[in-house]
Amino acid sequence: MVHIKGKYLWIIVFVLICSISIVCASYNQTMMINGDAILRVDEFIRITDLKMLNMENEGYETYNSQYSKNSTNMYVSLPKINSTVTYEVTVTNKSGYLFVISDIAASLVNEAITYEITNYKIGEGIGQTSEIKFNITLKYKEGIKEVPNDYSQIASILFKFERPTASMLSYDNSKSGTTCTDVQCALDELYELLG
Numbered sequence: 120m121v122h123i124k125g126k127y128l129w130i131i132v133f134v135l136i137c138s139i140s141i142v143c144a145s146y147n148q149t150m151m152i153n154g155d156a157i158l159r160v161d162e163f164i165r166i167t168d169l170k171m172l173n174m175e176n177e178g179y180e181t182y183n184s185q186y187s188k189n190s191t192n193m194y195v196s197l198p199k200i201n202s203t204v205t206y207e208v209t210v211t212n213k214s215g216y217l218f219v220i221s222d223i224a225a226s227l228v229n230e231a232i233t234y235e236i237t238n239y240k241i242g243e244g245i246g247q248t249s250e251i252k253f254n255i256t257l258k259y260k261e262g263i264k265e266v267p268n269d270y271s272q273i274a275s276i277l278f279k280f281e282r283p284t285a286s287m288l289s290y291d292n293s294k295s296g297t298t299c300t301d302v303q304c305a306l307d308e309l310y311e312l313l314g
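The working numbering puts the first residue of the sequence shown at 120, with every later residue one more than the last.
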């Protein structure tokens with residue numbers, strides 16, 4: 120009989136200690152979360168994705184590419200003269216307005232390496248509530264004959280999104296006899312003639 124009571128006593132003490140430990144831990148524990156959190160600004164139009172499409176002739180991504188609402192940052196290495204790395208950029212227009220990319224400005228660290236944009240031309244429309252995809256290829260400039268000692272590139276490309284205006288649109292002045300090269304200038308000149 121004494122042996123059975125001792126056995127149950129150990130079980131009761133064990134359950135009691137576990138219960139106290141769990142209760143104390145629930146009041147005193149700090150939860151830790153590891154990882155990266157990225158908060159994306161909600162804009163009418165913005166870059167919503169940047170992904171690597173392909174690498175040719177041993178070109179490779181040195182670090183993970185990054186993007187923000189209007190810029191991309193790509194880190195690549197091109198160990199051969201014909202090495203390339205191509206990315207796909209997605210731009211999403213959530214507004215009810217037409218937008219265009221009116222300017223593209225690049226900051227390139229390695230002067231021997233350049234970039235080429237395909238599937239989009241400056242001034243092309245990005246329709247209402249739609250998205251477009253275009254490619255950026257990093258490669259050596261024409262005329263570079265041998266791989267430089269530093270064959271890495273940090274490419275930061277900034278895109279300027281704007282709603283199109285008449286001054287952005289080109290104007291064919293060959294039939295009008297005017298010197299204007301954009302629609303806004305032609306409209307101003309027409310208003311002067313009518314006024």
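No residue lacks a Cβ here, since even glycine has one placed at the ideal position from N, Cα and C.
Treat the numbers as computed from the prediction; the structure is a model and nothing was measured.
Hey, would you say E250 sits closer than 9 Å to N189, going by beta carbons? As a first step, residue 250 is located in the sequence shown; it is residue number 131 there, counting from the start. As a first step, residue 189 is located in the sequence shown; it is residue number 70 there, counting from the start. Against a cut-off of 9 Å, the Cβ pair of N189 and E250 comes out as no contact.
Rounded to whole angstroms, what's the CA-CA distance from K199 to E175? Just pull it up for me. Counted from its first residue, the sequence shown places residue 199 at position 80. Counted from its first residue, the sequence shown places residue 175 at position 56. Near 10 Å, if we compare the C-alpha coordinates of E175 and K199.
For M150, which of helix, strand or coil comes out of DSSP? By one-based count along the sequence shown, residue 150 stands at place 31. Only weak support is given to the placement of M150: the predicted model assigns it a pLDDT of 49, under 50, and the value that follows is read from those uncertain coordinates. If DSSP states are grouped into helix, strand and coil, M150 belongs with coil.
Proximal residues to E311 (C-beta, below 8 Å), its chain only, five neighbours per side dropped: As a first step, residue 311 is located in the sequence shown; it is residue number 192 there, counting from the start. None.
With three or more C-beta pairs closer than 8 Å as the rule, is the stretch 216-225 touching the stretch 166-186? no
What residue does the beta strand (DSSP E) around L172 start on, and which one ends it? Locating residue 172 in the sequence shown gives position 53, where the first residue counts as 1. From DSSP, the beta strand (DSSP E) with L172 extends over I164 to E175.
Does the distance from the CB of T297 to the CB of L257 come in under 9 Å? Translated into the one-based positions of the sequence shown, residue 297 becomes position 178. Translated into the one-based positions of the sequence shown, residue 257 becomes position 138. The answer is no: Cβ separation not under 9 Å.
What three-state label does DSSP hand S138 in the structure shown? Numbered from its first residue, the sequence shown carries residue 138 at position 19. S138: helix per DSSP, three-state reduction.
Assigned exposure category for I247 - 16 Cβ within 10 Å defines buried: Your numbering for residue 247 matches position 128 in the sequence shown. A quick correction: the sequence has Gln, not Ile, at residue 247. Exposed.
Quick check: the Cα distance between L172 and P283, rounded to an integer number of angstroms? Translated into positions along the sequence shown, residue 172 becomes position 53. Translated into positions along the sequence shown, residue 283 becomes position 164. So the alpha carbons of these two residues sit roughly 30 Å apart.
Between the CA atoms of N192 and F253 - distance to the nearest angstrom: Residue numbering aside, residue 253 sits at position 134 when the sequence shown is read from its first letter. Residue numbering aside, residue 192 sits at position 73 when the sequence shown is read from its first letter. If you take the alpha carbons of F253 and N192, they lie about 15 Å apart.
Other residues of its chain near V111: CB distance less than 8 Å, five sequence neighbours each side excluded: There is simply no residue 111 to check, as the chain begins at 120 and stops at 314 in what is shown.
Test item: CB-CB of S275 and S196 under 9 Å: Residue 275 sits at position 156 when you count from the first residue of the sequence shown. Residue 196 sits at position 77 when you count from the first residue of the sequence shown. Contact flag unset, no.
Can you grab the Cα-Cα spacing for the pair I273 / V228, in whole Å? Along the sequence shown, read from residue 1 onward, the residue named residue 273 stands at position 154. Along the sequence shown, read from residue 1 onward, the residue named residue 228 stands at position 109. Their Cα atoms are separated by approximately 6 Å.
Grab the span of the beta strand (DSSP E) containing D222 for me, first residue to last. As a working note, residue 222 is residue 103 in the sequence shown. Here the beta strand (DSSP E) through D222 covers F218 to L227.
List the whole-angstrom C-beta distance separating Y194 from Y182, where the pair is believed to meet the contact cut-off of C-beta under 8 Å. Residue numbering aside, residue 194 sits at position 75 when the sequence shown is read from its first letter. Residue numbering aside, residue 182 sits at position 63 when the sequence shown is read from its first letter. With 8 Å as the limit, Y194 and Y182 qualify as a contact, their Cβ atoms being about 4 Å apart.
Pull up the DSSP beta-bridge partners for E207, would you. Within the sequence shown, the letter at position 88 stands for residue 207. Its beta-bridge partners are K170 and N254.
Around the C-beta of L131, are 16 or more other C-beta atoms found within 10 angstroms, so that it is buried, or is it exposed? Within the sequence shown, the letter at position 12 stands for residue 131. Note that residue 131 is Ile in the sequence shown here, rather than Leu. Classification of I131: exposed, given that the 10 Å Cβ count is below 16.
What residue from E261, I232 and F218 has the CA that sits closest to G242's CA? Reading the sequence shown from its first residue, position 123 is the one you call residue 242. The shortest C-alpha separation from G242 is found at F218.
Are F163 and V210 closer than 9 Å when you measure CB to CB? Reading the sequence shown from its first residue, position 44 is the one you call residue 163. Reading the sequence shown from its first residue, position 91 is the one you call residue 210. Not a contact, by the Cβ cut-off of 9 Å.
How many Å lie between G244 and S214 at the Cα? Sequence index remark: in the sequence shown, residue 244 carries index 125 (1-based). Sequence index remark: in the sequence shown, residue 214 carries index 95 (1-based). Each residue's Cα considered, the two are about 13 Å apart.
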